[in-house]
Amino acid sequence: MVSEADCLFCKIVAGEIPAKIVHETDRTLAFRDVNPQAPTHVLVVTKEHYPDAAALAAADHGLADDVIKAAHAVAEQEGVAASGYRLVFNTGAEAGQTVFHVHGHVLGGRGLTWPPG
Numbered sequence: 020m021v022s023e024a025d026c027l028f029c030k031i032v033a034g035e036i037p038a039k040i041v042h043e044t045d046r047t048l049a050f051r052d053v054n055p056q057a058p059t060h061v062l063v064v065t066k067e068h069y070p071d072a073a074a075l076a077a078a079d080h081g082l083a084d085d086v087i088k089a090a091h092a093v094a095e096q097e098g099v100a101a102s103g104y105r106l107v108f109n110t111g112a113e114a115g116q117t118v119f120h121v122h123g124h125v126l127g128g129r130g131l132t133w134p135p136g
């Protein structure tokens with residue numbers, strides 16, 4: 020598995036930093052955001068290190084699909100799949116990405132406005 024020594028999410032995947040894990044597959048890990056922006060705010064990350072969504076899309080056939088399937092499984096588990104949820108991938112600093120390990124935010128449990136911010 021590819022990881023980065025100083026990457027926060029790689030350390031969570033490796034079990035070096037604790038997180039409230041809510042879902043796991045062989046290629047993804049989902050855990051609660053420490054600064055939630057909605058009643059449901061879960062991050063879905065790849066277990067291997069990819070810096071952003073563009074790198075994920077180019078890297079491995081089927082991995083982006085696995086991340087989206089994991090995000091939907093989280094939404095179902097959290098009870099927001101039927102009412103609606105938002106899946107957000109920030110790619111690059113100007114888009115608000117602060118941890119450069121690809122991750123999707125699963126947001127739900129309240130009305131979400133548009134545009135988001």
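When you read off a place in the sequence shown, starting at 1, and then add 19, the result is the number in my numbering.
Note that CB positions come from ideal geometry on N, CA and C, so glycine has one too.
Only a predicted model underlies this, so the values are computations on that prediction, with no experimental measurement involved.
Can you confirm whether the region 118 to 127 touches the region 43 to 58 when touching is taken to mean that 3 or more C-beta pairs between the two stretches lie within less than 8 angstroms?
yes
Taking Thr47 as the reference, give the member of Thr117, Ala112, Glu113 and Ala92 with the closest Cα.
Ala92
Flag this pair as yes or no: are the beta carbons of Val12 and Ala90 separated by less than 7 angstroms?
What is shown of the chain runs 20 to 136, which leaves residue 12 out entirely.
Out of Ala94, Thr65 and Thr59, which has the shortest C-alpha to C-alpha gap to Gly81?
Thr65
Do you know offhand how far Leu75's Cα is from Gly98's?
Approximately 27 angstroms, taken between the alpha carbons.
Find the nearest neighbour of Ile40 within the set Ser22, Asn109, Cys26 and His60, judged by alpha-carbon distance.
His60
Please state whether DSSP places Phe119 in a helix, a strand or coil.
coil
Under a Cβ-count criterion, where at least 16 other Cβ atoms within 10 Å of its own Cβ denotes burial, should Val32 be classed as buried or exposed?
buried
Just mark Ala38 as buried or exposed, buried being the case when its beta carbon has 16 or more other beta carbons within 10 Å.
buried
For Ala76, report the span of its alpha helix (DSSP H) as first-last.
Ala72 to Ala78
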